[in-house]
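In our numbering, the protein residues as written are 1197 to 1525. Beta carbons are placed, not taken as given, at the ideal position from N, Cα and C, and that holds for glycine. As the structure is a prediction and not an experimental result, all values here were calculated from the model.
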Amino acid sequence: MDWTDRKVLVTGAGGFVGSHLTEHLAGLGADVRAFVRYNSRNDPGLLRLLPNERRERVQVVMGDLKDADAVRSAVRDVDVVFHLGSLIAIPYSYIHPRETVETNVLGALNVFEAARDAGVGKVVHTSTSEVYGTARYVPIDENHPLQGQSPYSASKIGADKVAESFYRSFDVPIATIRPFNTYGPRQSARAVIPTIIVQALTQEKVVLGATHTTRDYTFVDDLVRAFVLVAESPRTVGETVNVGSNYEISIGAVAETVASLIGKEIKVVTDSGRLRPEKSEVERLWCDNARARDLLGWSPAVPLNDGLSRTIAWFREHLDLYGPGHYVT
């Protein structure tokens, strides 16, 4: 697909993955409309870190996903919608489950209704591996049962099902991309890899929650490439596609790897305040990415150690943006 001057909307564009996707699409020559949650500071989030030549191709539109009129206005006249906007912090969802559900489910509904009424050519809806909960079998394929082990994961299951219903009920061309854990430059300190890196660079100990749990990590550039391939492929309409590395590693082992790459000995300390409620903890995630390979010809190009090295290098240069002693929910 030639993306030159193609009109696209990215919701959640000011976030970690959204900003990288927006930057990439602008680099492909697309006419990008970036939907960012309104704030009185006129702060576009991580879009402020984009190179000038990419940022100039981006039209920032502020609003709230829960506002159907704002969403409808943002969707108007676009060819492709990438719906990434949501409240993604799991600890925050324990504190404010209603806000999480309203933003993630009602926000998705507003996007899909607007896309249906505007006749958008393709909607790429973003799910999460958290919808699977603790693996009942590994690797996890798209047929794995969905388990709402946190208000956040429950809200994303709801949004995924609304997406499915709009495809089945109204023939809206929706594809669902289901990333496993993503990491890379610009990620928030609420995520575990930035938490490890920032602490390891600035102090002698790393304070974490559970370290025995396993995750499947994908470098953000690989995920962005998958987003574009999902949008381009007619075979993905009505489908859900896992995106992950097909490799699991414990959080404790990630901390050891980061310390080794930095060249520093660290002590890993468990903070009970960072632990999820016992029945809510997702013990194991390991992605079966066979469908992505089949439908998209996609496979991860960046090995974990290479991606961690690139991420560490970025954080070294941007430590002023992070507070190593502050736990971000």
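query	result
Note down the Cα distance separating Val1426 from Lys1318, rounded to an integer number of angstroms.	10 Å
With DSSP as the reference, label Val1276 as helix, strand or coil.	strand
In its own chain, which residues sit with a C-beta less than 7 Å from the C-beta of Ser1446, not counting the 5 before and 5 after it?	Thr1407, His1408, Thr1409 and Thr1410
Between Ala1314, Gly1469, Leu1404 and Phe1308, which has its C-alpha nearest Lys1357's C-alpha?	Phe1308
Tell me, please, which residues DSSP counts as bridged to Lys1318.	Val1276
For Leu1419 versus Val1213, is the C-beta spacing smaller than 8 Å?	yes
Is the beta carbon of Asp1367 closer than 8 Å to that of Asn1438?	no
Can you give, in chain order, each stretch of the alpha helix (DSSP H) that sits fully within the segment 1468-1506 and has at least 4 residues?	1486-1492
Indicate whether Asn1300 and Leu1283 have their beta-carbon atoms separated by less than 8 Å.	yes
Could you pull out every residue in the same chain whose Cβ sits closer than 8 Å to the Cβ of Arg1480, ignoring the five residues on either side in sequence?	Thr1330, Ala1331, Val1334, Thr1409, Thr1410 and Glu1444
Who does Arg1386 pair with in a DSSP beta bridge?	Looking at the DSSP assignment, Arg1386 forms no beta bridge with any residue, so it has no partner.
Taking Val1327 as part of the alpha helix (DSSP H), name the residues at either end of that continuous run.	Per DSSP, Val1327 belongs to no alpha helix (DSSP H) and is neither H nor E.
With DSSP collapsed to three states, give me the class of Ser1446.	strand
Between the beta-carbon of Ile1462 and the beta-carbon of Ile1508, is there less than 8 Å?	no
Rank Arg1470, Pro1499, Glu1435 and Trp1199 by C-alpha distance to the C-alpha of Asn1339 and give the top, closest one.	Glu1435
By the three-class DSSP mapping on this structure, what secondary structure does Arg1262 have?	The sequence as given places Lys at residue 1262; Arg does not occur at that position. The answer is coil: DSSP assigns Lys1262 none of H, G, I, E or B.
Closest to Arg1506 by CA distance: which of Glu1477, Ile1393, Asp1239 and Asp1260 is it?	Ile1393
Among Glu1326, His1321, Arg1312 and Ser1456, which one has its Cα closest to the Cα of Ser1365?	Arg1312
When the Cα of Ala1266 is compared with those of Ile1370, Thr1322 and Phe1231, which residue comes out closest?	Phe1231
Would you identify the three-state DSSP class for Pro1526, choosing helix, strand or coil?	Residue 1526 is absent from the model: the chain starts at 1197 and stops at 1525.
Mapping DSSP to helix, strand and coil, what is Asp1227?	strand
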